[in-house]
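Enquirer: Got a structure here, written out as structure tokens. Questions coming.
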Amino acid sequence: MKHRLALLASVAPAILFAALAPMLAAPISASAQQAAPPPTSPQKASSTVTDSARGVAHPELWPAAKSKGLVDAKIEAFVTGLMAKMSLEDKVGQMIQADISTVTPADLKDYPLGSILAGGDSAPAGGDDRAGPERWAETARAFRAASLAERPGHVAIPILFGIDAVHGNNNVVGATLFPHNSGLGATHEPALIRRIGVATAQETAAAGIDWAFGPTLAVPQDHRWGRTYEGYSEDPEIVRQYASEVVLGLQGQAGAGQALQHGHVAASAKHFLGDGGTTNGIDQGDTEVTEADLIRIHAAGYPAAINAGVMTVMASFSSWQGVKMHGNKSLLTDVLKGRMGFDGFVVGDWNGHGQVPGCTADSCPAAIQAGIDMIMAPNDWKALFTNTVAQVKAGTIPMARIDDAVRRILRVKAKLGLFDATRPFELKDGVIGNAEHRALAREAVRKSLVLLKNNGNVLPLKAKSRVLVVGDAANDIGRQAGGWTLSWQGTGNKNSDFPGATSLYEGIRQAVAAGGGTADLSADGSFTTKPDVAVVVFGELPYAEFQGDIPSLEFQPGDKQDLALLKKLKAQGIPVVAVFLSGRPLWVNPEINASDAFVAAWFPGSEGGGVADVLVGDAQGRPRYDFTGKLSYSWPKTAAQATLNHLRQPYDPLFPFGYGLRYADAKATLVPSLPEVSGVDAAAANIDIYFVKGRNPAPWGFVLRQGASTVPVLGDGTATEVAGALAVKPVDAGGIQGAGRQVSWSGKGEAAIAVTGSTLDLTRQANGALSLQVDYRVDEAPADTVWLASGTGPGTPGALDLTSVLKSAPVGQWQTLKVKLSCFKLAGADLSKVTTPFALSTGGTLRLSLATVRLSADPAGAICPGH
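According to the numbering used here, the residues represented by the sequence shown are -1 to 865, in order.
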């Protein structure tokens, strides 16, 4: 495997493209197999293994490993001495981790917790989730001091503070943000990954945080999975190569000790095990593969991480063969701690223990028995503490299991240097967002870019050109950074939240200006002077777990706004360069056809100048940097190829694993016109956008209802009315002509405007704290009760009283309303069969304009009307 990857990385792209060209000239055929490795089917190779019971692993089949540097006589003696003094309450406390949104330093007086975390939307002291490093360090110090406070009958043990630092210390304003892992996989450079680990650790330690919840060692097998971008590759060998490097970068050399004092933090290999293999790419789903496939594909990175000394491993939300990982003793204890020799501790994921059969968020002996050493209980930690103490006293949980878990936790704390009061990197000047780290991130961006098309040698751009930079993502650092950026889903961010960062537009502007040219920014592609070339920056909106799950790989299904922008520029005779932002390969054949050059830029992070380094040449158009990135994920020919993988047959990609042009290759080749049949039902893929920019993306549409009458609202917004009770007409919104709809109720009976078109199951979205977002303007205040509903249609239970919200809104001013989906559920709505995701009704007079109706993952400002 290693030699095969080395060969792919070294093959000249011209040779790869020569093999690919016949495939690109439709029909795409078996010639694509020539660029793939020998046909070793995982299914066929695993057929010799027969499990005697579903979800039960056989340790003797698994690779052996051994933790390096975690166990030594001095630390074990120290831990033994501590444990001899600890009460049962002290020990159970060490096994529980609470979120800083629900725990205070004062709570540690009564609850001797071993760890705290800051979840994706949790803020440090003061409640500002856009706080700088000083506030984070202040929070860490307060909890640390409380954990070390002396009091009778308690052993003072420093608390361990963990955070999702997954592409840099991405929670802290001003930190360096590296490309997400799918982009780093395209660099095919393990040594680079270690350097990124070092920089991430330093910026995390500088904010007072001890523990990074990374690396993710998933091997994504279905690109519909919303966490695909957290995986380095579809190929387990790349994940294996990267695993040890990132651990050594984060933690330092195994066994060195006092990691924090040297600017390192504890790492957490995650998510054990099989999170990247769930059926249909459903987050937290079931990985229904054989044990041999689980070993060869999904466990590939763990032996390397353990051998490198990884201090913690995080259990997966997902199941294997129907058994939840948080309750799978055969994998957590027999394989991970036994066969793989892992001597650190296993931490659960956010309330993952509560998904184990027979468990709740505040009580789960089964997870502890299975091998979870520290339970991540963000909200219910008090009840969990009380219940667990009682369960140990009752003999439900053996004391030996408690002692084993506590020893592992204290071992890590000691090895990490927590018992040493010195913290030389905490708030150390010149660490967070420093020039060296930003230069490293910029290098990573350059090396991650994959050139898929360059017809007519439009790239590199001549620096002395007039360049039009187009798209609403072009000057948006939050868009280019993706999920897990200051907030969980990466939403709600402004450029001012990223001091020191560079947008893609700004990077291009600087590069062009240095060569004597000009670069203008235009979100909609308009211009006064015709440019020499247009660079269009577009792609996926930021997302994180489960919100990023998609039903097909088609980009913008039923709502091809970016394609229209590309075509508009192309029709004016302007050469078009597409810079595509995404966490995964997507079906973009129409967008590739509408572009002269197409660059897969992934989610590059804070250093947009790295894109300009490669795209913009000198004044004569000679490259300053060449493209070196190669696909670590196969690129689909149709939107239905969600499980495309170069290790699985049949293999028929558009661009194969390992593909990526250099400038010299592009001179001799052309990408022909690609087939534009997606292979899926585009309308079925849109589950969260109901009205935007004057359109109802398929399959959705507005209807007006009054009694038994239902009238569809015409797509162009032409004035529509029903029974004299309700009328709709187009209005301007957001500076765009006809982008809104004004809805007027006459008071002649109860009437509603609703969104219909499909049936949705929104239970997971409700559990994940998503909201129904409505951008609206009150043009005439309501005279009677106004109801907002999301559910099963007319008369649906679960309607919420929106009257006070609308009456208090200033007339004539656009507002944003976000209503938690869980509120509809609490009010009685059946969110498993939603046919009407939005309905607004009243029997009185009301005039209201709508600009946007959609689901939102940003929790900021979300409310429950009437509660």
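By construction, the Cβ of each residue, glycine as well, lies at the ideal position given by its N, Cα and C atoms.
Being a predicted model, the structure only gives us computed values, none of them experimental.
The alpha helix (DSSP H) spanning G339 covers which residue range?
Expert: Your numbering for residue 339 matches position 341 in the sequence shown. No alpha helix (DSSP H) contains G339, which DSSP labels as neither H nor E.
Enquirer: Quick one: give me the first and last residue of the beta strand (DSSP E) that F596 is part of.
Expert: Within the sequence shown, residue 596 is the residue found at index 598, counting from 1. First-last of the beta strand (DSSP E) with F596: A595 to A598.
Enquirer: Taking C-alpha atoms, which residue in D126, F822, L829 and S180 lies nearest to L629?
Expert: Residue numbering aside, residue 629 sits at position 631 when the sequence shown is read from its first letter. Ranking the options by Cα distance to L629, first place goes to S180.
Enquirer: Can you tell me whether G738 is helix, strand or coil according to DSSP?
Expert: Walking along the sequence shown from the start, residue 738 turns up at place 740. It is a strand residue.
Enquirer: Could you spell out the range, first to last residue, of the alpha helix (DSSP H) harbouring R762?
Expert: As a working mapping, residue 762 is identified with position 764 in the sequence shown. T761 to N765 is the extent of the alpha helix (DSSP H) around R762.
Enquirer: Could you tell me the distance, in whole angstroms, from the CA atom of L712 to the CA atom of T718?
Expert: Reading the sequence shown from its first residue, position 714 is the one you call residue 712. Reading the sequence shown from its first residue, position 720 is the one you call residue 718. Each residue's Cα considered, the two are about 7 angstroms apart.
Enquirer: Taking 6 angstroms as the limit between beta carbons, can you name the residues of its chain near V47, skipping five residues before and five after?
Expert: Within the sequence shown, the letter at position 49 stands for residue 47. For V47, the pLDDT reaches just 41, beneath the cut-off of 50, and the residue's location in the model is therefore unreliable, although a value from the coordinates is still provided. Once the five neighbours on either side are set aside, the close Cβ partners of V47 are T288, E289 and A290.
Enquirer: Once DSSP output is grouped into helix, strand and coil, what is the label at R52?
Expert: For the purposes of this step, residue 52 is taken as the residue at position 54 of the sequence shown. The answer is coil: DSSP assigns R52 none of H, G, I, E or B.
Enquirer: Using three-state DSSP, classify S580 as helix, strand or coil.
Expert: As a first step, residue 580 must be located in the sequence shown, where it is residue number 582. S580: coil per DSSP, three-state reduction.
Enquirer: For I861, which beta-bridge partners are listed by DSSP?
Expert: For this step, residue 861 is matched to residue 863 along the sequence shown. According to DSSP, which records beta bridges pairwise, I861 is partnered with V817.
Enquirer: Which whole-angstrom value is the C-beta distance of V468 and G523, which I expect to be below 8 angstroms?
Expert: Indexing the sequence shown from 1 puts residue 468 at position 470. Indexing the sequence shown from 1 puts residue 523 at position 525. The pair is a contact, with the Cβ atoms about 5 angstroms apart (cut-off 8 angstroms).
Enquirer: Going by the DSSP bridge assignment, what does I751 pair with across the sheet?
Expert: Taking the sequence shown and counting its residues from 1, the one referred to as residue 751 is at position 753. Its beta-bridge partners are L702 and L838.
Enquirer: Let me know if G112 comes out buried or exposed under the rule of 16 or more other beta-carbons within 10 Å of its beta-carbon.
Expert: Start at 1 with the first residue of the sequence shown, and residue 112 comes out as number 114. Buried, by the Cβ-count rule.
Enquirer: Report yes or no: do the stretch 617 to 625 and the stretch 209 to 226 share at least 3 C-beta pairs separated by less than 8 angstroms?
Expert: no
Enquirer: Can you find a heavy atom of the ligand GTP that lies under 7 angstroms from the Cβ of D828?
Expert: You won't find the ligand GTP in this model; it holds no ligand whatsoever.
Enquirer: How big is the Cα-Cα spacing for L258 and A203?
Expert: Numbered from 1 along the sequence shown, position 260 holds the residue referred to as residue 258. Numbered from 1 along the sequence shown, position 205 holds the residue referred to as residue 203. In a straight line, the C-alpha of L258 is about 7 angstroms away from that of A203.
Enquirer: Quick check on DSSP: helix, strand or coil for Q239?
Expert: As a position in the sequence shown, residue 239 is number 241, starting the count at 1. Q239: helix per DSSP, three-state reduction.
Enquirer: Taking Cβ to Cβ, would you say S266 is nearer than 8 angstroms to A306?
Expert: Position 268 of the sequence shown holds residue 266. Position 308 of the sequence shown holds residue 306. Contact: no.
Enquirer: Less than 8 angstroms separating the beta-carbons of S99 and G117?
Expert: In the sequence shown, the residue the question calls residue 99 occupies position 101. In the sequence shown, the residue the question calls residue 117 occupies position 119. Yes, they are a contact pair.
Enquirer: Identify which residue in R133, H165, M338 and A71 has its Cα closest to the Cα of W60.
Expert: For the purposes of this step, residue 60 is taken as residue 62 along the sequence shown, with counting starting at 1. For W60, the nearest C-alpha among the options comes from M338.
Enquirer: Taking the alpha-carbon positions, what's the G810 to R775 distance?
Expert: If you number the sequence shown from 1, residue 810 lands on position 812. If you number the sequence shown from 1, residue 775 lands on position 777. So the two alpha carbons sit approximately 6 angstroms from each other.
Enquirer: If you draw a straight line from the C-alpha of T500 to the C-alpha of L408, how long is it?
Expert: By 1-based counting over the sequence shown, the position of residue 500 is 502. By 1-based counting over the sequence shown, the position of residue 408 is 410. In a straight line, the C-alpha of T500 is about 42 angstroms away from that of L408.
Enquirer: Taking N167 as the reference, which of V196, R294 and I293 has the closest Cα?
Expert: Against the sequence shown, residue 167 aligns to sequence position 169. Selected option, being the one with the closest Cα: V196.
Enquirer: Would you mind working out which of E74, S847 and N169 sits nearest T483, comparing C-alpha positions?
Expert: The residue labelled residue 483 in the question sits at position 485 within the sequence shown. Among E74, S847 and N169, the Cα nearest to that of T483 is on N169.
Enquirer: To the nearest angstrom, report how far apart Q545 and S593 are at their CA atoms.
Expert: Stepping through the sequence shown from its first residue, residue 545 is reached at position 547. Stepping through the sequence shown from its first residue, residue 593 is reached at position 595. Computed Cα separation, rounded: 29 angstroms.
Enquirer: Quick one: Cα of F159 to Cα of N385, how far?
Expert: The residue given as residue 159 occupies position 161 in the sequence shown. The residue given as residue 385 occupies position 387 in the sequence shown. If you take the alpha carbons of F159 and N385, they lie about 23 angstroms apart.
Enquirer: Quick one: grab the DSSP three-state call for T277.
Expert: Counting from 1 along the sequence shown, the entry for residue 277 is found at position 279. T277: helix per DSSP, three-state reduction.
Enquirer: Which same chain residues, not among the five before or five after G864, have their C-beta less than 7 angstroms away from its C-beta?
Expert: Here the question's residue 864 lines up with position 866 in the sequence shown. The answer, listed in chain order, is L798 and D799.
Enquirer: Taking buried to mean at least 16 other C-beta atoms within 10 Å of its own C-beta, is G490 buried or exposed?
Expert: Your numbering for residue 490 matches position 492 in the sequence shown. Label assigned to G490: buried.
Enquirer: Run through DSSP, which three-state label would T636 get?
Expert: By one-based count along the sequence shown, residue 636 stands at place 638. DSSP places T636 in coil when its eight states are reduced to three.
Enquirer: Mapping the DSSP letters down to three states, classify E74 as helix, strand or coil.
Expert: Within the sequence shown, residue 74 is the residue found at index 76, counting from 1. In the structure shown, E74 sits in a helix (DSSP, three-state: H, G or I).
Enquirer: Count the other C-beta atoms from every protein chain shown that fall within 10 angstroms of the C-beta of Q32, then say buried if there are 16 or more, exposed otherwise.
Expert: Numbered from 1 along the sequence shown, position 34 holds the residue referred to as residue 32. Low per-residue confidence applies at Q32: pLDDT is 28, beneath 50, and the placement is therefore not dependable, though the value from the model is reported in the following sentence. Burial call: exposed.
Enquirer: Since I believe A264 is in contact with T310 (beta carbons under 8 angstroms), could you give me their beta-carbon distance rounded to a whole number of angstroms?
Expert: As a working mapping, residue 310 is identified with position 312 in the sequence shown. As a working mapping, residue 264 is identified with position 266 in the sequence shown. With a Cβ gap of about 6 angstroms, T310 and A264 count as contacting.
Enquirer: Look at the Cβ atom of T834, then the Cβ atom of G789, and state whether they are nearer than 8 angstroms.
Expert: Walking along the sequence shown from the start, residue 834 turns up at place 836. Walking along the sequence shown from the start, residue 789 turns up at place 791. Contact: yes.
Enquirer: For a test of the three-state rule: what should DSSP assign to T38, helix, strand or coil?
Expert: Looking up residue 38 in the sequence shown gives position 40. Low confidence applies to T38: its pLDDT is 36, below 50, so where it sits in the model is not reliable enough to give any reading.
Enquirer: Would you report the Cα separation of E58 and G229, rounded to the nearest angstrom?
Expert: In the sequence shown, counting from the first residue as 1, residue 58 sits at position 60. In the sequence shown, counting from the first residue as 1, residue 229 sits at position 231. Going from the Cα of E58 to the Cα of G229 covers about 27 angstroms.
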